[in-house]
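Residue numbers (my numbering), protein chains in the order written: chain A, 19 to 177; chain B, 10 to 327; chain C, 49 to 448.
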Amino acid sequence: MALLGRIWNTAKSMFVGHSITLREMFTTPITVFYPEEKPPMERGSRSVPVLKVNEGTGLLNCVSCGLCERSCPPSCIKIEQALDAKGDRQSWPEAFELNLSHCMVCNLCVEACPFDALEMADVVELCSYQVQDLIFDKQQLAEIWKTSRSLRVANGERL
Amino acid sequence: MNILLAAILKVIGVLMFVGLNAYILIWGERKVSGHIQRRIGPIRVGGPSGIMQSAADILKLMSKEDFVPSGADWWLWVLAPVVSVAPAVLVYLVLPIGRTLVLRNLNVGLVFFSSVSSFTLLGIFMAGWGSNNKYSLLGAMRAGAQLFSYEIPLILSTIGVVMLAGSLTLQRIVAAQTHYGWFIFPQIVGFIVFFVASVAELNRTPFDLAEAESELVAGYFTEYSGMRWAMFAIAEYSNLFTLSALGVTLFLGGWHGPLLPGWVWFVLKSYFLVFVGIWIRWTLPRVRIDQLMDLGWKFLFPVSVLNLLGTGLYLMVR
Amino acid sequence: MSDSGRPVRVEAGPALAPHLPTSNDAGVVPTIGPDGERKLMTINLGPQHPSTHGVLRLIVTVDGEQIVHVVPDIGYLHRNFEKIVERWSYPGIVPFSDRNDYIAAITNEVAVALAIEKLAGIEVPPRAVHLRVLFSELQRILSHILFYGTYGLDLGAFTPFLYAFREREWGYTLMEKATGARMLYAYNRVGGLRNDVSDEWLADLAKFLDFVEHKAMPEYMGLLIDNEIFRERTIGVGKLTQEQAIAWGAAGPVLRATGIPWDLRKNAPYLCYDQFEFDVPVGTNGDVYDSTMVRMREILESVRIIRQVLKTLPNGPVLAKVRPTLSPAAGDYYSRVEGPRGEVGVFLISDGTTKPYRLKWRAPTFCHLQLTPLMAAGGKIADLIAVVGSYDVIMGECDR
């Protein structure tokens with residue numbers, strides 16, 4: 019009798035499993051044809067911190083205060099403050115380098131920035147064969163900001 | 010001279026069919042498994058159906074490096090794929106594809122089929138032993154135990170059909186099904202035993218212990234690549250078709266069927282059984298080696314013997 | 049220095065580390081069978097093997113198919129987490145801890161954030177506490193769904209994996225909407241959360257929960273868990289007694305499978321778990337089937353908790369005012385949370401500066417892997433795969 023029960027259980031569970039797979043066979047596939055058809059990035063997706071450009075002046079918002087550099091846990095941001103001919107400090111960066119191969123996209127730099135100069139862009143296709151190509155300077159970062167959708171999320175605001 | 014020519018033509022025909030069949034089945038398995046998993050399967054090569062995917066694969070496999078693992082037993086290792094393809098081709102000799110379409114109507118067709126298909130084990134064992142790899146060895150040992158124990162219920166389950174038909178000739182067995190109706194109805198137990206045992210014979214999930222990916226990486230063909238690996242794949246899919254075809258011959262009326270010509274019915278029914286095999290493969294998890302042996306010796310074997318007993322009693326009282 | 053005189057933090061140089069016996073040393077791996085006659089075979093399962101969940105290496109001694117001994121060899125994914133964070137400021141540890149248990153990143157973040165907040169005496173707003181519960185439970189659902197998929201793969205069924213990824217994709221899209229990332233969220237901050245979630249998102253989440261409970265779970269059970277082959281493969285395999293489980297430091301589903309209803313959400317409530325009603329599923333035999341069932345039932349319990357959170361979610365801010373340079377008072381604190389795999393613990397020592405003096409991570413996978421020889425010996429090779437799979441191994445948190 020126990021044997022018959024086991025046979026019955028086996029047959030029943032096999033039937034249930036196979037009916038599930040057969041049913042799924044005739045439902046629409048959920049495949050996304052990636053290179054041709056890109057799934058939408060959600061609003062606020064983070065992929066790379068970029069430098070915001072002031073729309074009025076066309077200059078960077080960054081004043082080279084260095085707060086993002088200090089807040090960055092893996093130290094992937096390098097800022098060099100601009101100096102004038104006399105050697106006085108200016109309020110724009112001479113160089114702003116972001117090493118994307120170190121960056122962990124944690125958003126802490128964006129939160130540290132008091133001048134609304136950093137945003138998170140949502141471009142993911144930034145891969146490269148060379149690590150050197152993943153070190154972005156300020157022009158490249160501003161270019162990504164111009165060509166992609168980016169967003170500043172900080173301080174617990176509602177997304 | 011004509012006999013020789015006819016023989017050569019037949020061989021070429023069989024080889025072409027074996028290749029084409031493996032081609033279609035590999036593509037079909039990918040498509041079916043894809044749709045079962047709500048994917049699409051191959052779509053890029055050869056139009057939206059991806060029919061040329063296997064051709065692209067063959068090109069890739071042919072261009073691969075011919076790699077022999079160090080410490081391999083060279084002769085065994087090299088001959089193993091050939092040895093496993095040979096029986097897969099040989100069994101086509103007796104398959105009754107149509108009313109008159111059979112390469113050689115042997116009077117011991119069924120015995121020929123089962124004895125030749127047992128040679129697959131030899132190829133697997135040579136591959137496992139010759140590879141100088143522990144996974145391969147374990148896979149070959151598993152295959153040895155498995156194929157040996159499932160051969161017996163497989164043959165016993167066919168004997169019921171032989172008793173009803175009164176012949177070992179596959180053509181006569183098919184012809185007898187005009188009289189009795191399909192043998193699946195009087196021999197339903199035999200059919201189930203046959204089907205389970207043939208899935209085990211084919212080393213496919215849930216009985217794919219010999220190549221068990223999550224345990225033994227790829228089992229007996231872990232070390233094979235390129236065309237040598239492809240020959241194992243061809244043998245596997247060819248066996249899948251021939252065992253399904255044997256099931257159709259014995260239990261599903263062979264080439265019988267309305268309207269369409271006999272060989273079309275035969276191929277259609279065989280592909281239906283192949284589809285069921287693919288469907289099972291992509292649904293069930295794998296059994297363990299001791300459970301496999303239990304199922305073979307403690308369940309399928311007694312059941313098929315009981316089935317034989319029942320068939321014998323029926324023939325006596327009739 | 050701790051009281052016993054041993055350094056709690058290694059300063060520099062390899063000389064301080066004593067030579068511990070490794071699996072490569074003679075005598076660790078037996079080669080002669082118990083009767084002294086039969087030669088045993090040693091197999092290296094991994095670090096590259098289809099079912100080692102990353103880079104786990106198992107040195108398996110087999111007598112034919114029978115397993116005599118297993119030595120897990122870890123460390124292939126070592127990233128020096130504990131040492132690196134000694135040079136980082138406190139807020140940076142939270143996003144970095146995502147990389148430990150990368151399948152349940154929120155759990156790590158909550159554990160670290162709780163420890164830092166406790167040491168620094170930061171009060172977290174109630175909405176953030178509720179949302180942390182919500183995200184922890186959503187993360188548990190997603191982690192257990194992935195477990196279902198990979199466990200099916202371990203047992204030779206491929207299709208459950210892709211069905212699991214179907215729901216996981218939806219869940220990860222939800223996570224991306226809320227946190228901005230799909231896997232390594234960097235969502236918790238010291239003092240709360242990075243951002244609030246919208247009401248539409250909460251409505252979407254409710255739909256996802258309904259789908260998981262009414263559509264996905266019956267399908268999972270029917271396709272794999274209730275299947276007779278699956279039951280045969282798992283019932284009675286890798287049996288663990290309650291004493292063994294406690295002695296070896298098992299936690300989470302592996303411990304609860306033995307019948308001990310130990311769940312930190314109930315036994316040592318953190319966040320606001322004491323406000324919600326839920327059951328702690330337990331098994332009876334301590335085998336891998338029971339731990340699978342515990343996980344499956346925990347999905348439903350998590351759904352229940354999230355529904356309650358959705359009902360009682362208070363309004364208000366989600367981030368407390370925290371000074372940018374955080375220097376907690378000197379002291380230590382051990383915060384522990386119930387992760388999907390078991391107890392995730394963070395022992396944090398502060399010396400009053402802006403950088404932690406020492407951080408010790410307690411990873412459930414690390415403790416569970418020690419059980420492997422105990423649970424797998426005497427079984428077949430297939431049982432070993434079932435046992436290791438049943439821990440839901442994440443090597444990222446084991447090697448850290």
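Ideal placement from N, C-alpha and C gives every residue a C-beta, glycine not left out.
Contact with chain C by residue i, beta-carbon distance below 7 Å
i, result
"residue 359 of chain B", "Missing from the structure shown is residue 359 of chain B; chain B here goes from 10 to 327 and no further."
"residue 296 of chain B", "yes"
"residue 50 of chain A", "no"
"residue 167 of chain A", "no"
Nearest-angstrom Cα separation, counted from residue j out to residue i
i, j, result
"residue 255 of chain C", "residue 360 of chain C", "18 Å"
"residue 64 of chain C", "residue 441 of chain C", "Confidence in residue 64 of chain C is poor, its pLDDT being 48 and thus under 50, which makes the residue's placement unreliable; the coordinate value appears in the next sentence. When rounded, the distance between both Cα atoms is 30 Å."
"residue 235 of chain B", "residue 32 of chain B", "16 Å"
"residue 238 of chain B", "residue 90 of chain B", "7 Å"
"residue 282 of chain C", "residue 91 of chain C", "23 Å"
"residue 87 of chain C", "residue 147 of chain B", "15 Å"
"residue 50 of chain C", "residue 289 of chain C", "Any reading at residue 50 of chain C needs caution, since the residue's pLDDT is 48, under 50, leaving its predicted position unreliable; the model's value is listed next. Approximately 34 Å, taken between the alpha carbons."
"residue 47 of chain B", "residue 44 of chain A", "9 Å"
"residue 215 of chain B", "residue 171 of chain A", "51 Å"
"residue 262 of chain B", "residue 131 of chain B", "32 Å"
"residue 74 of chain B", "residue 233 of chain B", "11 Å"
"residue 216 of chain C", "residue 123 of chain C", "28 Å"
"residue 228 of chain C", "residue 198 of chain C", "26 Å"
"residue 327 of chain B", "residue 202 of chain B", "25 Å"
"residue 20 of chain B", "residue 116 of chain B", "21 Å"
"residue 134 of chain C", "residue 120 of chain A", "18 Å"
"residue 247 of chain C", "residue 158 of chain C", "23 Å"
Residue i at chain A interface by Cβ criterion, 7 Å
i, result
"residue 312 of chain C", "no"
"residue 261 of chain C", "no"
"residue 64 of chain C", "Low per-residue confidence applies at residue 64 of chain C: pLDDT is 48, beneath 50, and the placement is therefore not dependable, though the value from the model is reported in the following sentence. Not an interface residue."
"residue 49 of chain B", "yes"
"residue 275 of chain C", "yes"
"residue 136 of chain C", "yes"
Min CB distance residue i to chain B below 7 Å
i, result
"residue 266 of chain C", "no"
"residue 215 of chain C", "no"
"residue 212 of chain C", "no"
"residue 207 of chain C", "yes"
"residue 47 of chain A", "yes"
Per-residue contacts from residue i into chain C (C-beta, under 7 Å)
i, result
"residue 178 of chain A", "Given that chain A is displayed from residue 19 to residue 177, the structure contains no residue 178 of chain A and the question cannot be resolved."
"residue 175 of chain A", "243, 244"
Interface partners of residue i on chain B, CB under 8 Å
i, result
"residue 176 of chain C", "The premise fails here: residue 176 of chain C is roughly 37 Å from chain B at the closest Cβ pair, so nothing lies under 8 Å."
"residue 202 of chain C", "223"
Neighbouring residues, chain A, relative to residue i (Cβ below 7 Å)
i, result
"residue 45 of chain B", "39, 42, 43"
Proximity test, residue i beta-carbon vs the ligand ATP heavy atom, cut-off 6 Å
i, result
"residue 259 of chain B", "As for the ligand ATP, it is missing from this structure, which has no ligand bound."
Listed by chain order, chain C residues near residue i by CB distance under 8 Å
i, result
"residue 143 of chain B", "89, 91"
Cross-chain neighbours of residue i in chain A, by beta carbon under 8 Å
i, result
"residue 225 of chain C", "60, 61, 62, 177"
Under 9 Å from the C-beta of residue i: neighbouring residues of chain A
i, result
"residue 234 of chain C", "64, 122, 123, 124, 125, 126"
Any C-beta of chain B within less than 7 Å: which residues of the stretch 410-424 of chain C qualify? none
Chain A contacts from the stretch 360-378 of chain C (Cβ-Cβ distance under 8 Å): 365, 366, 367, 372
In chain order, what residues of the stretch 21-43 of chain A put their CB closer than 9 Å to some CB of chain B? 21, 25, 32, 35, 36, 38, 39, 40, 42, 43
Check whether the stretch 81-93 of chain A and the stretch 136-154 of chain C are in contact - that is, three or more C-beta pairs closer than 8 Å. yes
Within 9 Å of chain C by C-beta, residues of the stretch 198-221 of chain B in sequence order: 214, 215, 217, 218, 221
Members of the stretch 76-91 of chain A near chain C, C-beta cut-off 9 Å: 85, 88, 89, 90, 91
Looking at C-beta atoms only, is the number of pairs between the stretch 174-191 of chain B and the stretch 278-294 of chain B that lie closer than 8 Å three or more? no
Residues in the stretch 317-349 of chain C having any Cβ partner in chain A nearer than 8 Å: none
Positions along the stretch 291-317 of chain B whose CB lies within less than 8 Å of some CB in chain C: 291, 292, 293, 294, 295, 296, 297, 298, 299, 300
Residues within the stretch 141-159 of chain C neighbouring chain A, beta-carbon criterion of under 7 Å: 143, 144
With contact counted as at least three CB pairs below 8 Å, one residue from each stretch, are the stretch 56-66 of chain B and the stretch 206-225 of chain B in contact? no
Given 8 Å as the limit, is there contact between the stretch 383-394 of chain C and the stretch 182-191 of chain C, that is, 3 or more CB pairs closer than that? yes
Should the stretch 269-284 of chain B be called in touch with the stretch 99-110 of chain B, which here means at least 3 C-beta pairs below 8 Å? yes
Could you list the residues in the stretch 271-297 of chain C with a C-beta less than 8 Å from some C-beta on chain B, going in chain order? 271, 272, 275, 277, 278, 280, 281
Chain A contacts from the stretch 76-88 of chain B (Cβ-Cβ distance under 7 Å): none
Give a yes or no on contact between the stretch 427-437 of chain C and the stretch 231-247 of chain C, applying the rule of three or more CB pairs nearer than 8 Å. no
Counting pairs of beta carbons, one from the stretch 241-257 of chain C and one from the stretch 392-400 of chain C, are three or more of them closer than 8 Å? no
Three or more C-beta pairs below 8 Å linking the stretch 336-343 of chain C and the stretch 366-383 of chain C: no
I'd like to know if the stretch 111-118 of chain C and the stretch 129-143 of chain C are in contact, where contact means that at least 3 CB-CB pairs between them fall below 8 Å. no
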